[in-house]
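**Q**
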Amino acid sequence: MENVSLVDTVFSWTLNDVFNEKLFKHKVRKIPQTFHSIKDYMNSFIPALIDETHSDLSSSLMSVSQAPFSEVNTLQRSTDFDFPYDLFYEITLKGITDDVKGARKYEPETGDVIAFTNVRPRRINDLKMTKEYCHIAYVLKSPDIFSDEITILTSKFMENDIEIDVRSNESQKLYAVYLMNMTTNIRILKALTSKLEGADPNILKKVLGADSTNGENCQICLSGENSYSTVAQTITSAHNLNESQKNAVLSSVTMKKCEHNGHIKLIWGPPGTGKTKTVASLLLYLFKLKTKTLACAPTNTAVLELAVRLHGLVKGSVDTPEIETYGLGDIVLFGNRSRMKIECYKGLETVFLDNRVDDLLKCFSPDIGWKYYLESTIKFLKEPEEAYFSYKNRVKDENLMSLEEFAKRRINNADIAYGSYKKRVSKNRDPMTFEQFLVKKYAYIVGLYQAYKDDKNESAGMTEEQFIKQRLSYFGEKLNVLRRTLYTHMPTSFIPLNVLNCMLKAMNLLKSLEVSTGQNVSKQTISDCEDKQSVLGRIGLLGLERDECLVILSKLSRSISLPDYLRNRKDISQFCLENACLVFCTASSSSKLYTKKMTQFRFVIIDEAAQLKECESAIPLQLPGLRRGILIGDERQLPAMVKSKIAERAEFGRSLFERLVLLGYKRHILNVQYRMRPAISMFPNKEFYDQQLSDAPLVRGISYDKSFLDGKMYASYSFINISKGKEQSNSDHSLMNKIEVAAISEIIGNLKKEFLKTRKKVSVGIISPYKAQVYEIQQKVKQYISVSDSYFSVSVRSVDGFQGGEEDIIILSTVRSNGSGKVGFLSNRQRANVALTRAKYCLWILGNAATLLNSNSVWRKLILDAKERECFHNADEDNKLGQAIEDAILELELDESQSRFKKLSLVEKPIIAANLSRSYKPRRSYKPRR
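Read in order, the letters of the sequence shown correspond to residues 1 to 930 in UniProt numbering.
1) Which class does glutamine 783 belong to by DSSP, given the choice of helix, strand or coil?
2) How do the region 831-842 and the region 750-768 stand: do at least 3 beta-carbon pairs fall below 8 Å, yes or no?
3) Between isoleucine 378 and the rest of its own chain, which residues show a CB-CB distance below 8 Å, the 5 nearest in sequence each way excluded?
4) So arginine 546 and leucine 513 are supposed to be a Cβ contact under 8 Å. How far apart are they, rounded?
5) Identify which residue in Gln33, Val10, Arg627 and Ala587 has its Cα closest to the Cα of isoleucine 188.
6) Could you check which residue in Leu179, Lys592, Arg567 and Lys94 has the C-alpha nearest to that of lysine 195?
7) What's the call for glycine 274, buried or exposed, on a 16-neighbour Cβ count within 10 Å?
8) Sorted by chain position, which residues of the same chain lie with C-beta nearer than 8 Å to glutamine 600's C-beta, five sequence neighbours on each side aside?
9) Tell me the rounded alpha-carbon separation between leucine 179 and tyrosine 138.
10) Measure how close the beta-carbons of isoleucine 748 and valine 794 come, nearest whole angstrom, since I'm counting them as under 8 Å.
11) Anyone know if the C-beta pair for leucine 374 and valine 351 falls short of 9 Å?
12) Relative to the alpha-carbon of aspartate 40, which residue among Val177, Thr53 and Thr193 has its alpha-carbon at the smallest distance?
13) Quick check: what's the CA-CA separation for asparagine 247 versus threonine 276?
14) Roughly how many angstroms lie between the CA atoms of serine 617 and glutamine 611, to the nearest whole one?
15) Rounded to whole angstroms, what's the CA-CA distance from tyrosine 442 to asparagine 480? Just pull it up for me.
16) Among the candidates Glu52, Ile50, Thr117 and Glu648, whose CA atom is the shortest distance from the CA of phenylalanine 69?
17) Below 9 Å between beta carbons: does that hold for residue 998 and serine 55?
18) With 16 other CB atoms within 10 Å as the buried threshold, where does methionine 490 fall?
19) Output yes or no for whether 9 Å exceeds the beta carbon distance between leucine 49 and asparagine 181.
20) Considering only the alpha carbon of each residue, which of Tyr326, Asp330, Ile331 and Glu349 lies closest to arginine 337?
21) From which residue to which residue does the alpha helix (DSSP H) around tyrosine 372 run?
22) For serine 142 and threonine 92, I'd like the C-alpha separation in whole angstroms.
23) DSSP three-state label for glutamate 727, please.
24) Would you kindly work out how many angstroms separate the C-alpha atoms of glutamine 692 and methionine 676, rounded to a whole number?
25) What distance in whole Å lies between the Cβ atoms of serine 745 and valine 781, which are believed to be in contact at a cut-off of 8 Å?
26) Cutting at 6 Å between CB atoms, please list the residues of its own chain near aspartate 354, excluding the five before and the five after it.
27) Express the C-alpha separation of isoleucine 572 and lysine 346 in angstroms, rounding to a whole number.
28) Would you call the CB atoms of serine 855 and lysine 726 closer than 9 Å?
29) Count the other CB atoms within 10 Å of the CB of leucine 6; is the residue buried (16 or more) or exposed (fewer)?
30) Counting along the chain, where does the alpha helix (DSSP H) carrying tyrosine 285 start and finish?
31) With DSSP as the reference, identify every bridge partner of residue 962, one or two as the case may be.
32) With C-beta atoms as the reference, is valine 357 less than 9 Å away from arginine 567?
33) Return the chain-ordered ranges of every beta strand (DSSP E) run that is complete within the region 809-851 and spans a minimum of 3 residues.
34) With C-beta atoms as the reference, is glycine 335 less than 9 Å away from cysteine 615?
35) Give me the Cα-Cα distance between isoleucine 31 and alanine 417, rounded to the nearest whole angstrom.
36) Do you know offhand how far leucine 294's Cα is from serine 707's?
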């Protein structure tokens, strides 16, 4: 399996293979806790990875009726097409058809797997029954920004080599239906088969089995840690870390020079213990020491939360507000812009790679960049009268150029590039005009042209004095913008602090010259026949200030050497990653850091490490030059999600963090929780953390003792018994309990009334383990949610969706209500732990106490604990709540009786009709339903 290609493997499956749940039953083996060799380690994960991919595809096909899709507009062979191996095609897509209610338009991304079919996908049988087309295709390249062409690799050769253009053949239609994205699994397989460039498995070798050092702190290095412990102590004190957080940071940083103990350290962060704050402080320390570090996590959300916290610490450590973004060029965050939603995270636009590349493109441009304006300013200050003479001749002799003419003068072969574009899209759609093409491909040229137009229009007919003042203002403004871009986005190794100070001084001198020039010009009118030297002297362009400015600008010209080879987005992006000190991305995306020129990373810090499949952690942990890995997580909360039951039984979802804990590795625990009222934290602390956690003074204080509704039932912690609940399943076999939904709706309604009286800000989270229940609750409570009112927020999610989150009030719907005590995956201790640790001030648990007591699970213990602490309440103790439940029961009974009546009517109608009219004869094919 070493040389297996995941795409080829998927292409080899028939539809019957895809729906065969046991296809890999005899190939997947349980992943052991220890391994004999690195080869044994890598190969242990591959069968389960393939089976999980298989399960993901099967699940996607089963729900194909809800999948995004688009009609194919054109299809043709790619220039790289090579039968029978490389079946590359180029397609363009239309939008969705208007008559498909609720359908979502498919927007392709690299790594997508699509069903390529000639029928509209309303059900799975549509794909099973198609004859002419039913191919699986893999998206190799996202849509081209000019032609909208998407490069795909198909599983089969298109029969008769059909090339279509729907505009000329309306009867023949094809559809591209999104199934799943394979990018992460492909990256994992590359990591497991040593296909990442320069991959170094050194750290992975250290964790194949139990290590005698077991993650212990090295006393030798701790005692001799004088050279940089002062910095660490300063950071931990400045950010008010408690003892356990402080020790976690200090013991982690001793690893920087330690050669005695293991290469992996585990930091255990139970809910609310300030894990993100601790990790951010550790990252700040490594950042101050210029230690190249990768900070990653399983999800974009976790990465962004960590980046926001570190960004705040870095800005907060700068003494001068004017240059508070200086140093951010050493930090890079990268990933998918649309998925990350960077605009929702204040400040991160300054470190996000895509934004950085956009800004640096302008700085590096030979026409509108830093070097151009710096040299232009120097030349102008040296010979202002010559600049004015040149300007007068230009105004007199030169007509305003068109954008097309302007672009052709500044871009080599711009017209050839446009011609090539027109040729490429002529079959697909009406091409863009040359101007539209320039706007899309050469945006900076359009900006430069606008500046040229403004300059020509605004400065026409100026006197020499007016011209000089205008030029000083113009150059000063341009250099100021570019200066901010440079010190914000360039690594500090290219813009040292002394250079930055020179830049500041130069800008101040330019501004001073502009002000003094303006004042002198306004005081007097200067005759054209006066001596040039006296003119320049009187308006302030001859003197010590100008000479000093020229010296500093010339010094900057020599000091800041911008790389000449950086002329496109790809090169600038690579430059930023290579020279960054601290990089943020998902564990999967770290595969992009495997390049020849990359400066070697020394530390990898994996946040939420217990939620990351071990095979996925193999991507960041093989970076060349890596010396230390720090894993932060909590294996007693939810692990990574695994769809395949076979892979789940094989321990495919287990994290490296959890496996090392099972092997006896020591963990450094963060033991003070800052989230929950003591009444809420009491049960989880006892049940999941062996009483190792203490409550911070903050959560024990009066300010944290908040009440939102009257009555003991709505105190900080309570179990509300809904004995008359009824569990039902929907079409997807997910469970719901409409009686609990009604109770939750009543509680939310009361909370909203109280909020309207007090106007005190409150956030409510409603959690349920079942998707069907989440949907039912969302529909029921949406009447109370107003997008414009941010002071009263209600979030309804599954337990898995709430991991890592917190709200003021949590309402937990357990759903299960039966006489046998069956609770399904509700019995999972990790899921229960997450659900019970999200609330800050109030946690109200709704459920059928009898069912949960009979479950012989953690929920039995919870009911007994609630009764012992007098936190157990029957729903009818609240008259309004009891009435809402009775109304819901009556409504449910009516719905069920109507449903039974409809079924009965369908059966009986033909028979009744036959009795009324002897001439009625039922069709032979009709068979009454029994």
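Every residue, glycine too, gets a C-beta built ideally from N, C-alpha and C.
As the structure is a prediction and not an experimental result, all values here were calculated from the model.
**A** Taking the coordinates as given:
1) Glutamine 783: helix per DSSP, three-state reduction.
2) The region 831-842 makes contact with the region 750-768: 3 or more CB pairs, one atom from each, lie closer than 8 Å.
3) Correct list, in chain order: Leu550, Leu553, Ser554 and Ser557.
4) Confirmed, about 6 Å.
5) Out of Gln33, Val10, Arg627 and Ala587, Ala587 has the C-alpha closest to the C-alpha of isoleucine 188.
6) Residue Lys592 is the option with its Cα nearest to lysine 195.
7) A buried status is given to glycine 274, since no fewer than 16 other beta-carbon atoms sit within 10 Å of its beta-carbon.
8) Hits under 8 Å: Lys292, Leu623, Pro624, Gly625 and Leu626.
9) Using only the alpha carbons, I get a separation of about 10 Å.
10) The Cβ separation is near 6 Å, so the contact holds.
11) Valine 351 is positioned such that its CB atom lies no closer than 9 Å to that of leucine 374.
12) Checked all of Val177, Thr53 and Thr193; the closest Cα to aspartate 40 is Thr193.
13) Whole-angstrom Cα-Cα distance: 15 Å.
14) Using only the alpha carbons, I get a separation of about 10 Å.
15) Tyrosine 442 and asparagine 480: Cα-Cα distance of roughly 23 Å.
16) Taking only the C-alpha atoms, the option nearest phenylalanine 69 is Thr117.
17) The displayed coordinates of the chain run from 1 to 930. Any statement about residue 998 would go beyond what the structure contains.
18) Flag for methionine 490 reads buried.
19) The Cβ atoms of leucine 49 and asparagine 181 do not sit closer than 9 Å to each other.
20) Between arginine 337 and the set Tyr326, Asp330, Ile331 and Glu349, the nearest pair of CA atoms involves Glu349.
21) Segment 370-382, the alpha helix (DSSP H) holding tyrosine 372.
22) Looking at the two C-alpha atoms, the distance is approximately 11 Å.
23) The three-state secondary structure of glutamate 727, taken from DSSP, is coil.
24) Going by the C-alpha atoms only, they are around 15 Å apart.
25) Confirmed, Cβ separation roughly 6 Å.
26) Only Arg337 meet the Cβ criterion.
27) Separation of lysine 346 and isoleucine 572 (C-alpha to C-alpha, rounded to the nearest whole angstrom) is 24 Å.
28) No, the pair does not count as a contact, with Cβ atoms beyond the cut-off.
29) Flag for leucine 6 reads buried.
30) Looking at the DSSP string, the run of the alpha helix (DSSP H) that includes tyrosine 285 is 275-288.
31) For residue 962 there is no data in the structure shown, the boundaries of the chain being 1 and 930.
32) In this structure, arginine 567 does not lie closer than 9 Å to valine 357 by Cβ.
33) At a cut-off of 3 residues, the continuous stretches assigned as beta strand (DSSP E) that sit fully inside the region 809-851 are 839-847.
34) No, they are not a contact pair.
35) Isoleucine 31 and alanine 417 have their alpha carbons spaced roughly 54 Å apart.
36) C-alpha of leucine 294 to C-alpha of serine 707: approximately 43 Å in a straight line.
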